[in-house]
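Right, one structure below, let's go through it.
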Amino acid sequence: MIDFKNNVFSLKTDNTIYRFELLNTGHLRHLFYGDCESVVDYKKGKDIGNSIKYSQDKELFLEDEMLEISSLGKGDIKEPFIELINPDGSLTSDFLYVSHVIDDREPFLEKLPSSYGSNEHLCVTLKDRNFDIVLEIHYFLYMESDVITKYARLFNNTDKKIFINKIMSNQLDFINDRKRFTAFKGSWANEFHKVSSEISQIRLVNCSNTGTSSSRSNPFVMISDNGADENNGCVYGFNLVYSGNHYESIDTSIQNKSRFLQGINPDGFSYELNSLEIFETPEAVMTCSRNGFNGMSKNMHRFIRNNIVRGKYKNNERPILVNTWEAFYFDIEERKLFDLASKAKELGIELFVVDDGWFKKRNDDTSSLGDWDCDLKKIPNGLKNIADNIGVNFGLWIEPEMVNENSDLYREHKEWTIEYDNHSEGRNQRILDLSNNETVDYLIDKISALLKESGCRYVKWDFNRIFSDVYSSSLKNQQELIFRYYQGFYRLCKELNNRFPEILFEGCAAGGNRFDLGILCFFPQIWASDNTDADDRRRMLINYSYGYPQSVIGAHVSACPNHQTGRTFPLSFRYDVAKLGCFGYELDLTKLSDVELTEIEQQIKDYKNNRKLYQYGQIERIDDHHLLVSDDEQTVMIDYSVYKD
Ligand code: DGJ
Numbered sequence: 007m008i009d010f011k012n013n014v015f016s017l018k019t020d021n022t023i024y025r026f027e028l029l030n031t032g033h034l035r036h037l038f039y040g041d042c043e044s045v046v047d048y049k050k051g052k053d054i055g056n057s058i059k060y061s062q063d064k065e066l067f068l069e070d071e072m073l074e075i076s077s078l079g080k081g082d083i084k085e086p087f088i089e090l091i092n093p094d095g096s097l098t099s100d101f102l103y104v105s106h107v108i109d110d111r112e113p114f115l116e117k118l119p120s121s122y123g124s125n126e127h128l129c130v131t132l133k134d135r136n137f138d139i140v141l142e143i144h145y146f147l148y149m150e151s152d153v154i155t156k157y158a159r160l161f162n163n164t165d166k167k168i169f170i171n172k173i174m175s176n177q178l179d180f181i182n183d184r185k186r187f188t189a190f191k192g193s194w195a196n197e198f199h200k201v202s203s204e205i206s207q208i209r210l211v212n213c214s215n216t217g218t219s220s221s222r223s224n225p226f227v228m229i230s231d232n233g234a235d236e237n238n239g240c241v242y243g244f245n246l247v248y249s250g251n252h253y254e255s256i257d258t259s260i261q262n263k264s265r266f267l268q269g270i271n272p273d274g275f276s277y278e279l280n281s282l283e284i285f286e287t288p289e290a291v292m293t294c295s296r297n298g299f300n301g302m303s304k305n306m307h308r309f310i311r312n313n314i315v316r317g318k319y320k321n322n323e324r325p326i327l328v329n330t331w332e333a334f335y336f337d338i339e340e341r342k343l344f345d346l347a348s349k350a351k352e353l354g355i356e357l358f359v360v361d362d363g364w365f366k367k368r369n370d371d372t373s374s375l376g377d378w379d380c381d382l383k384k385i386p387n388g389l390k391n392i393a394d395n396i397g398v399n400f401g402l403w404i405e406p407e408m409v410n411e412n413s414d415l416y417r418e419h420k421e422w423t424i425e426y427d428n429h430s431e432g433r434n435q436r437i438l439d440l441s442n443n444e445t446v447d448y449l450i451d452k453i454s455a456l457l458k459e460s461g462c463r464y465v466k467w468d469f470n471r472i473f474s475d476v477y478s479s480s481l482k483n484q485q486e487l488i489f490r491y492y493q494g495f496y497r498l499c500k501e502l503n504n505r506f507p508e509i510l511f512e513g514c515a516a517g518g519n520r521f522d523l524g525i526l527c528f529f530p531q532i533w534a535s536d537n538t539d540a541d542d543r544r545r546m547l548i549n550y551s552y553g554y555p556q557s558v559i560g561a562h563v564s565a566c567p568n569h570q571t572g573r574t575f576p577l578s579f580r581y582d583v584a585k586l587g588c589f590g591y592e593l594d595l596t597k598l599s600d601v602e603l604t605e606i607e608q609q610i611k612d613y614k615n616n617r618k619l620y621q622y623g624q625i626e627r628i629d630d631h632h633l634l635v636s637d638d639e640q641t642v643m644i645d646y647s648v649y650k651d
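The sequence shown begins at 7 in the working numbering and counts up by one.
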């Protein structure tokens, strides 16, 4: 419920409240965000010495205020929400209240994905004191999951261009009474390590510069009471519906007033906003629970399941698959594919996925990305023949955003790639320039034709390198490139979702290098890591679960010794870890012993009997080796400690 009384905006979800006050200067003072039972409105800021007084007749010192929106130049010296270059080259902004609207409009961003199914909406409109530049802050409430989302829209109503050097999606000012900041860091095959620091007056930053939301630093972060544990204490969770470079920071004054910001990473970003143009930020997501980390996770999980994931597979059981990657790598042959699919069918597997290596001349990772035509030397009767004759559903790996130098597409359209002189390579491939509409239009047609012809019901959509040499030959301002890339990427995904509503898409980026809410708006599940080692995946399952439900996480049983770590674990451990997710096998089933096959047959039966619980049950963490997973009917304890050495 949202109301505006006595100049105070109150945004109430089932268990939380968010309040801010309209001051007579037109500024918005943040008052409180937390659970309903502990409301303590923050106090007016003070003159703390040589602070700037906002104006001679008003006793307002922005330096010590808690603000909804901050900008440069009027005395607030903490990190700002927005940094503009005005039409006359000046840097000062001063956004003041003009009006507000409360209604039930749902989130809508023209070129970016957003959540859906919100209960109530507030838009506060502010205008710069000196220029006709208007800032709208939108708030959306999700009552049952105790989530509030926010985004901003900036209108340049002047007759000259301005530059946006920084614009965030969320600002949350709070008192730092010894709170902690937690982020999830990692690298390839080593995703989601939980890293935590006490909040002090040294600025804390979590961000990505890879051009992706990144396995190095996921956009999901938490702020918690110092003593919070899994079930007690106040915990805030934050995320961003965006797949490019993101930024989360906490800046704290010596008076222990802190500011959390989240949005597009301002490093390397600047956007030229011409007269009468509008800029829309990605949507930020936040929740809060006084029931510790598990309480916060429950809110995030519910929100992602109900208000981010969409389409046929929303809340629907995902198929058990077998994937050829760790079975064959690039060594794809029609006979082997049929043998593996037939064994998979015998065991009860429902989906057969042909990973990398199926398209023409793709014998290793040096060539052919971009040329999405079946290699008839490897698969003489084509993909459709496989789809029609394996007796289970057929799925295909693709990497549409990429091209190898050694490909027909690159030879024909070098101008469609992001590259610069002496380009530095990543996995021998380059990124197609999706900021260019022509490239996106081409991909829509090319990938649509492939999906149609192949008869596939599942797509694993990969993205195996990070951005470097960021340059587009079709773009004027290169600092807009990555943002515009994602606008093009989302258009591509949206169009393919619309054309192929029956296809289940699984996101992937060399494992979890693009594991975020932007992807999940189009692809209901994401491959979490190229590391399939059971014990490493146990850690990742637990850590991903802070911010994401297991229904969006791809997890497979693979062969031992494990291909990434060389370790060997019992098949039962590999299953017990992978079963809490979108489950599958990633090994050559035709090479297993009868004993192993019998065990796998049992696993598949167990998974089918309990699939709803394993995929959609609510996970609660007990410790690093114990989880509870429950639905309306049962609660099951998952005990990994039995597999400890
Ligand atoms: C990286 C993915 O994460 C793997 O699962 C596999 O699909 C390879 N790419 C294929 O090149």
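Backbone N, C-alpha and C define an ideal beta-carbon position, used for all residues, glycine too.
Report task. Can you grab the Cα-Cα spacing for the pair Ser120 / Lys156, in whole Å? Result -> Within the sequence shown, the letter at position 114 stands for residue 120. Within the sequence shown, the letter at position 150 stands for residue 156. Going from the Cα of Ser120 to the Cα of Lys156 covers about 10 Å.
Query raised in the report: Tell me, which residues are paired with Ala515 by DSSP?
Result: Working through the sequence shown from its first residue, we reach residue 515 at position 509. Residue pairing for Ala515: DSSP places it in a beta bridge opposite Gly518.
Requested in this report: Excluding the 5 residues preceding and the 5 following Arg505 in the sequence, name in chain order all residues of the same chain whose CB lies nearer than 7 Å to its CB.
Outcome: Walking along the sequence shown from the start, residue 505 turns up at place 499. Here the set comprises Ser454.
Query raised in the report: Taking the alpha-carbon positions, what's the Tyr145 to Thr596 distance?
Result: Working through the sequence shown from its first residue, we reach residue 145 at position 139. Working through the sequence shown from its first residue, we reach residue 596 at position 590. Cα to Cα, the separation comes out at about 54 Å.
Requested in this report: Just the C-alpha distance for Lys167 and Ile173, rounded to the nearest angstrom, thanks.
Outcome: Here residue 167 is taken as the residue at index 161 of the sequence shown, counted from 1. Here residue 173 is taken as the residue at index 167 of the sequence shown, counted from 1. One C-alpha to the other measures close to 16 Å.
Query raised in the report: Out of curiosity, what's the CA-to-CA distance linking Ser259 and Asn125?
Result: Along the sequence shown, one-based indexing puts residue 259 at 253. Along the sequence shown, one-based indexing puts residue 125 at 119. Taking the CA atoms as reference points, Ser259 sits about 35 Å from Asn125.
Query raised in the report: Does the beta-carbon of His307 have 16 or more other beta-carbons within 10 angstroms, so that it is buried, or is it exposed?
Result: As a first step, residue 307 must be located in the sequence shown, where it is residue number 301. By the 16-neighbour rule on beta-carbons within 10 angstroms, His307 is buried.
**Report entry** Gly517 CB to nearest heavy atom of the ligand DGJ below 8 Å
**Finding:** What you label residue 517 is simply residue 511 of the sequence shown in a count that begins at 1. Result yes, Cβ under 8 Å from the ligand DGJ.
Query - Per-residue DSSP class, three states only, for Gln493 - result: Taking the first residue of the sequence shown as position 1, residue 493 is located at position 487. Helix, per DSSP.
Requested in this report: Please work out which residues of its chain come closer than 6 Å, Cβ to Cβ, to Glu652, disregarding the five sequence neighbours upstream and downstream, and give them in chain order.
Outcome: Here the chain covers residues 7 to 651 and nothing more, so residue 652 does not appear.
Query raised in the report: Hey, how far is the Cα of Thr6 from the Cα of Ser441?
Result: Any answer about residue 6 is impossible in this case: the structure gives the chain only from 7 up to 651.
Report task. Evaluate Met228 with the Cβ neighbour count: other Cβ atoms within 10 Å of its Cβ, from every protein chain shown; 16 or more gives buried, anything less gives exposed. Result -> The residue given as residue 228 occupies position 222 in the sequence shown. With 16 or more other CB atoms across the displayed protein chains lying within 10 angstroms of its CB, Met228 is buried.
Query raised in the report: Taking one C-beta from the segment 604-621 and one from the segment 571-584 each time, how about it: are there three or more such pairs within less than 8 Å?
Result: Contact holds between the segment 604-621 and the segment 571-584, because three or more Cβ pairs, one in each stretch, are under 8 Å apart.
Requested in this report: For the segment 563-571 and the segment 622-639, state whether three or more C-beta atom pairs, one from each stretch, are separated by less than 8 Å.
Outcome: Touching, no, given that fewer than three Cβ pairs across the two stretches are closer than 8 Å.
Requested in this report: Give the straight-line distance between the Cα atoms of Ile181 and Gly239, rounded to the nearest whole angstrom.
Outcome: On the sequence shown, residue 181 is found 175 positions in, with the first residue counted as 1. On the sequence shown, residue 239 is found 233 positions in, with the first residue counted as 1. Ile181 and Gly239: Cα-Cα distance of roughly 16 Å.
Query raised in the report: Apart from the five residues on each side of it in sequence, which residues of its chain come closer than 7 Å, Cβ to Cβ, to Ile91?
Result: Position 85 of the sequence shown, counting from 1, holds the residue named residue 91. Cβ neighbours of Ile91 beyond the five flanking positions: Leu97, Ile168, Phe169, Asn171.
Requested in this report: Verify the contact flag: Lys466, CB atom, against every heavy atom of the ligand NAD, threshold strictly below 8 Å.
Outcome: Looking at this structure, you won't find the ligand NAD anywhere; what it does contain is the ligand DGJ.
Query raised in the report: Between the segment 458-468 and the segment 504-524, do at least 3 Cβ pairs fall closer than 8 Å?
Result: Below 8 Å, enough C-beta pairs join the segment 458-468 and the segment 504-524 to call them touching: three or more.
Requested in this report: Could you round the C-beta distance between Ile83 and Glu69 to whole angstroms and report it? I think they count as a contact, below 8 Å.
Outcome: Working through the sequence shown from its first residue, we reach residue 83 at position 77. Working through the sequence shown from its first residue, we reach residue 69 at position 63. Going by Cβ atoms, the distance from Ile83 to Glu69 rounds to 5 Å, so yes, they are a contact pair.
Requested in this report: Check Lys466 in the structure and name its three-state DSSP category.
Outcome: The residue labelled residue 466 in the question sits at position 460 within the sequence shown. Residue state, collapsed to three classes: strand.
Query raised in the report: Is it the case that the Cβ atoms of Ser348 and Gly401 are separated by a distance below 9 Å?
Result: By 1-based counting over the sequence shown, the position of residue 348 is 342. By 1-based counting over the sequence shown, the position of residue 401 is 395. Cβ distance not < 9 Å, so Ser348 and Gly401 don't count as in contact.
**Report entry** Minimum C-alpha distance to Asp231 - residue among Ser202, His199, Arg186
**Finding:** Looking up residue 231 in the sequence shown gives position 225. Measuring from the Cα of Asp231, the nearest candidate turns out to be Arg186.
Report task. Using the Cα positions of His33 and Gly461, report the straight-line distance between them to the nearest angstrom. Result -> Position 27 of the sequence shown holds residue 33. Position 455 of the sequence shown holds residue 461. Approximately 57 Å between the Cα atoms of the pair.
Query raised in the report: If you count every other CB in all the chains shown that lies within 10 Å of the CB of Gly95, and 16 or more means buried, which is it?
Result: Walking along the sequence shown from the start, residue 95 turns up at place 89. Answer is exposed; the Cβ neighbour count stays below 16.
Query raised in the report: Taking 8 Å as the line, does the beta carbon of Asp541 fall inside it for any heavy atom of the ligand DGJ?
Result: Here residue 541 corresponds to residue number 535 of the sequence shown, with the count starting at 1. Not so, every heavy atom of the ligand DGJ lies at least 8 Å from the Cβ.
Query raised in the report: Quick one: what's Ser105 bridged to in DSSP?
Result: Taking the sequence shown and counting its residues from 1, one reaches residue 105 at position 99. For Ser105, DSSP records a beta bridge to Thr131.
Query raised in the report: DSSP three-state call for Gly401: helix, strand or coil?
Result: To locate residue 401, count along the sequence shown from 1; it is residue 395. Taken through DSSP and simplified to helix, strand or coil, Gly401 comes out as strand.
Requested in this report: Look at Gln435 and Asp371 and say whether their C-beta atoms are less than 9 Å apart.
Outcome: Sequence index remark: in the sequence shown, residue 435 carries index 429 (1-based). Sequence index remark: in the sequence shown, residue 371 carries index 365 (1-based). Result yes, Cβ atoms of Gln435 and Asp371 sit closer than 9 Å.
Query raised in the report: Hey, is the segment 472-492 in contact with the segment 416-425, meaning 3+ C-beta pairs nearer than 8 Å?
Result: Contact between the segment 472-492 and the segment 416-425 is present, because at least three Cβ pairs lie under 8 Å.
**Report entry** Endpoints, the beta strand (DSSP E) within which His199 is located
**Finding:** Within the sequence shown, numbered from 1, the residue matching residue 199 stands at position 193. DSSP places His199 inside the beta strand (DSSP E), whose first and last residues are 199-204.
Query raised in the report: Hey, how far is the Cα of Leu598 from the Cα of Ala333?
Result: As a first step, residue 598 is located in the sequence shown; it is residue number 592 there, counting from the start. As a first step, residue 333 is located in the sequence shown; it is residue number 327 there, counting from the start. Separation of Leu598 and Ala333 (C-alpha to C-alpha, rounded to the nearest whole angstrom) is 11 Å.
Report task. With DSSP collapsed to three states, give me the class of Trp533. Result -> What you label residue 533 is simply residue 527 of the sequence shown in a count that begins at 1. It is a strand residue.
**Report entry** Inter-residue spacing [alpha-carbon to alpha-carbon] between Asp20 and Ile139
**Finding:** Against the sequence shown, residue 20 aligns to sequence position 14. Against the sequence shown, residue 139 aligns to sequence position 133. In a straight line, the C-alpha of Asp20 is about 35 Å away from that of Ile139.
Report task. Return yes when at least one heavy atom of the ligand DGJ lies under 8 Å from the C-beta of Asp70, else no. Result -> On the sequence shown, position 64 is the one that residue 70 refers to. Annotation for Asp70 indicates a beta carbon at 8 Å or more from all heavy atoms of the ligand DGJ.
Query raised in the report: Would you say the segment 525-532 touches the segment 282-290, given that touching needs at least three Cβ pairs under 8 Å?
Result: Contact between the segment 525-532 and the segment 282-290 is not established, with fewer than three Cβ pairs separated by less than 8 Å.
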